[in-house]
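Encoded as structure tokens, the structure appears first; notes follow it.
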Amino acid sequence: MKEMWKGNHAIAEGALRGGLQFYSGYPITPQTEVMEFLSFRMPELGRHFVQAENEIAAINMVFGASATGLRSMTGSSGPGISLKQEGISYLSYNDLPAVIVNVQRWGAALGTLDSSQTDYLRDTRGGGHGDYRIIVWAPNSIQETVDLLYEAFEKAEEYRNPVEIYSEAALGQMMEPCEMPEFKERGYDLEWSWDGTDRDHERVDMDQKPIHHTAKFKKIIENEQRWESINTEDAEYVFVALGLPSRVARDAVKRLRSDGEKVGLIRPIAIWPYPKKAFEELPEGIRGFLSIETTDMGQHVEDVALAVKKGFKTNIPVYVHATNQKMPKVKEVIEVYRQLKAGNLKEAF
Amino acid sequence: MINELVFSGFGGQGVLTAGLIFSEMALKEGKEVSWMPAYGPTMRGGKANSVVKFGDEALGSPNMEEIDVLVAMNQPSMEYAEFMKKEGKVFLNSDMIPDDTDIRNDVEVIRIPCVSLAQQIKNLKGANLVMVGAVIKKCAFFEKNFAIETLKDYFKEKGKGNYNEANEAAFLAGFDAIK
Amino acid sequence: MAVARKIPKIMEEPTAFCAGCGHGILNRLIAEVLEEKGQEKNHILILGVGCNCNMNFTWGGDKLQCAHGRATSVARGAKTGRPDTLIISYQGDGDAYVIGLSDTINTAYVNTNVTTFAVNNTNYAMTGGQMSWTTIPGQHTTTSASGRDCESTGNPIKVPEIIAQNFDVAYVARGSLHSAKEINKTKKYVRNAIEAQLNGEGFSLVEVLAQCPTNWKVSTVDANEWLKDKVVPIYPLGEFKKREGRDDK
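Below, the structure written as structure tokens:
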């Protein structure tokens, strides 16, 4: 039965349904509701909730819990995820699964509490030191948030690598009808996990790490691209947007289509690995791409440009409509498109 | 067809709750629905609002885009009138918004003294529900009894079922205020 | 008559520490206690960052290398996952008391049932001998070339005392490795800490004053004297928080 769920609560319940056993976090707006919810729900279910003394301790507790075989998660917003980066790097390097939730707010430093996507480049490039990546999923509805969290632990265990849920302040605050899946648990011990017996942790020697990790990430790139394409079959212009702005873009496409404009939308669901395949299957004759994002200078547009470079032999212009901490409006996107088509917009790439 | 409703006022005037009650009605009728509260800096200074969208097709933007129905519980809420559709309806709290307030002339204005009405039935906190009743009667989004039952269920779920008689009275006061 | 003791199996490889380094002795003490308690196959050593990183290649039991300063936080997570396994953090003074001070104090504050061994050799040894919060007044290091000036850099930090006096933990002690007698005492502290965890008594911390001839720039023999004469007077030895209902001494 569908019920109205608030995004942040849905994150928590979705993770629990997916088998979450250990959570450690620190209060930060606009993510606090996730941990508040878990703080009473986890003891209720006989699972482990820890309010950590800081973000760094939280991610390191996750490191220890994950190594010993628990489905583990931490969450924060931009500033807190910055503090966790060393820990995320250690998780990936040590081939440990974990789920990280980023309910983003706008800006560098303290920023504001506005909804935004300004952590895009950090989160899709691993974020911490070293050449590694984490799988990053960007839901655009409450139901999708739940479905992705429900799957996240298994995906993290499959590749022994962290998975991040890339949410946004507004997505955490809004409510939508949502069907919660049944509770599931792993039900078996991960044979490589640390249990004190010094068994084989199935790790490679230090000198084999670069080869091993490159292979791991290549496999993820090959198998884990996810996206949704709308009206792209005959499109001349393609919007590219993820998360909440993608819903605005979808409305804009719908309206423009009813006016006879040949526009389409690519919505990356995985933002790492980036869905380059979505661009490879586009028709010939595309005249431009427009990234619609809530960043300041345009971040996602860089991935659009790289995907276009890979997917097309000709040089197709890539534009960006970056709306900072303000959610774009449908009318505004339509106007930007008209300006673009009239040649009044400067290309980003 | 998607309906866009905005409930706006000071924090404490129940505009988030009013939106949630409409969301529940839409959900019960099997419609697609989204509820988006004001958050972050827009809430500073005690301003609050919630945007409810519902309809039979998949919803896109959950944000304030083009408003069909604006419920304005205070003067500052009138700034959202600029986002209204032509022929949209604005329900304003005439106890707090003066009659001489400048309002664009391509929308329908419905003045409801929701605070006085709530006072008359000794349920001052129910001013928001007076507005809910008025919107239901005027726009006929949902059937009257269904709306009342949903409203009661909503408060019962929240452990506030004790107030349901008073809340129904508030709803009816608004409902009957529309001739 | 001297009895040759068997080397614990956990120390399957020769340690990779410098000649005269105290780490090797402490490795041995911990390994012996683990064997005595039958825990060779039921412990996870959470390794901090410092000279003890060498143990990644020599320690014959389960071990997990973590980030600098975070071993006790990792231990908290690991204890949740394996409540019946001994979870031991093995850290240096820079790791446990400087960059990881918050983690150490907070783990003591919540009294998690894990054990921390903190090796105090009064400097950042792995990186070539920089000043630590434990560096003694006037001690020459590569970042206090004229000798540690406590006026501007603070006085030697005494975390065992801080924890014992302020938090409700199971066991806190400080031992030294400068003589056979002190080594034997230190082994008792190690045993108490391990037993405390096995009994579910709560957090235990043993600080171990250790020789670092390489960075003290003294001979391996002189390092024992240096430790005894210069370091021990600043860091009192003994048990600061005894296990409840026990008085082994």
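Residue numbers (the working numbering), protein chains in the order written: chain A, 20 to 368; chain B, 404 to 582; chain C, 605 to 853.
All C-beta atoms in this analysis are idealised placements derived from N, C-alpha and C, irrespective of residue type, glycine included.
At least one beta carbon of chain B lies nearer than 8 Å to the beta carbon of Asp270 of chain A. DSSP, read as helix, strand or coil, puts Cys655 of chain C in helix. Counting other Cβ atoms within 10 Å of its Cβ, Val223 of chain A stays below 16 and is therefore classed as exposed. When DSSP states are grouped into helix, strand and coil, Phe331 of chain A belongs to the coil group. Boundaries for Glu616 of chain C: no alpha helix (DSSP H) harbours it, and the DSSP string shows neither H nor E there.
When the beta-carbon positions are compared, Ser91 of chain A and Phe59 of chain A stay at least 8 Å from each other. If you check the CB distance, Gln695 of chain C and Gly626 of chain C do not come in under 8 Å.
The way I'd put it, the stretch 228-236 of chain A doesn't touch the stretch 186-197 of chain A; fewer than three beta-carbon pairs between them come closer than 8 Å. Note: Leu408 of chain B is bridge-paired with B:Val455, B:Val472 in the DSSP secondary-structure output.
The contact set of Asp707 of chain C on chain A, defined by CB atoms closer than 7 Å, consists of Ala76 in chain order. Straight-line measurement puts the Cα of Glu177 of chain A at about 8 Å from the Cα of Pro116 of chain A. Listed along chain B, the residues sitting closer than 7 Å to Val349 of chain A by beta-carbon distance are Ser464, Glu468. In this structure, Arg245 of chain A sits near Ile288 of chain A, with a CB-CB distance shorter than 8 Å. Secondary structure of Arg795 of chain C (DSSP, three-state): helix. With a contact defined as Cβ atoms closer than 8 Å, Ala814 of chain C and Asn724 of chain C qualify at about 7 Å.
Annotated three-state conformation of Ser750 of chain C is coil, per DSSP. From the beta-carbon of Asp666 of chain C, the residues of chain A found nearer than 7 Å are Trp213, Gly215, Thr216, Asp217. Inclusion of Phe68 of chain A and Pro62 of chain A in the CB contact set at 8 Å is warranted, their separation being smaller than that value.
For Gly37 of chain A, the CB contacts under 6 Å within the same chain, skipping 5 residues up- and downstream, are Leu168, Tyr169, Phe172 in chain order. Spanning the alpha carbons of Gly130 of chain A and Gln344 of chain A requires a straight line of approximately 10 Å. In terms of Cβ geometry, Gln50 of chain A and Gly94 of chain A form a close pair [threshold 8 Å]. In the three-state DSSP reduction, Ala71 of chain A falls in the coil class, being neither helix nor strand. Taking the Cβ atoms as the reference, Val120 of chain A lies roughly 6 Å from Ile30 of chain A, within the contact range of under 8 Å. Comparing alpha carbon positions, the residue from C:Val763, C:Ala777, C:Lys785 closest to Gly698 of chain C is C:Val763. Here Ser464 of chain B carries a coil assignment [DSSP, helix/strand/coil].
Cβ-Cβ distances below 8 Å link Lys555 of chain B to Gly564, Asn567, Asn570, Glu571 in the same chain, with the five nearest sequence neighbours on each side left out; the list follows chain order. For Ala29 of chain A, the nearest beta carbon of chain B is not closer than 8 Å to its own beta carbon.
When Cβ-Cβ separations below 8 Å define contact, Val81 of chain A makes contact with chain C. Around the beta carbon of Val678 of chain C, 16 or more other beta carbons sit within 10 angstroms, so the residue counts as buried. With its beta carbon less than 8 Å from one in chain B, Met23 of chain A belongs to the interface. Three or more Cβ pairs closer than 8 Å define a contact, and the stretch 631-641 of chain C meets that threshold against the stretch 611-619 of chain C. One thing to note: Glu312 of chain A has its Cβ no nearer than 8 Å to the Cβ of Ala271 of chain A.
For Cys670 of chain C, the nearest beta carbon of chain A is closer than 8 Å to its own beta carbon.
For Ser808 of chain C, none of the residues of chain A pass the 9 Å Cβ criterion, the least Cβ distance being about 17 Å. Bounds of the beta strand (DSSP E) holding Asp666 of chain C are 666-669. Along the stretch 621-648 of chain C, the positions whose C-beta sits under 9 Å from a C-beta of chain A are Gln643, Glu644, Lys645, Asn646, His647, Ile648, read in chain order.
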